[in-house]
Amino acid sequence: MDRRKASVIIGAVLSAAVAGSTPARAQTFQSYRCVDGTQFIVAFYQYDKRAYLQIDGRSLTLARRFGLSGARYSGSGVTLKITRDGATVKHARRPATACGLT
């Protein structure tokens, strides 16, 4: 009976070690500076279609929207468009402004 308990405990420890060794979700952080002086940071996670944005001291989650060229995200009055040429952001009732990676 002791041998059986030991094998169950060893099995539980090994399975916990294997489960605990999974890699963290891949993430990408990008920092942008815009023509009008706005600065923001956006994060993308590998298995999530949303963009996580920090702008004007606020943290926002933007849902992916349909875009013809590039990616477009919007939510909470903020629209972010990212293309090969750069990005534009529209927020706080301001006109859309061009932004580039910093």
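Going by my numbering, the sequence shown runs without a break in its numbering and finishes at 99.
Glycine included, each C-beta is placed from N, C-alpha and C at the ideal position.
In this text the structure is predicted, and so the values were computed from the model without any measurement.
For this session: With DSSP as the reference, label Val86 as helix, strand or coil.
Result: strand
Exercise. For Tyr42, which of helix, strand or coil comes out of DSSP?
Worked result: strand
Exercise. Taking Gly34 as the reference, which of Phe26, Asp53, Arg62 has the closest Cα?
Worked result: Asp53
Exercise. Taking the continuous beta strand (DSSP E) assigned at Phe26, which residues delimit it?
Worked result: 24 to 31
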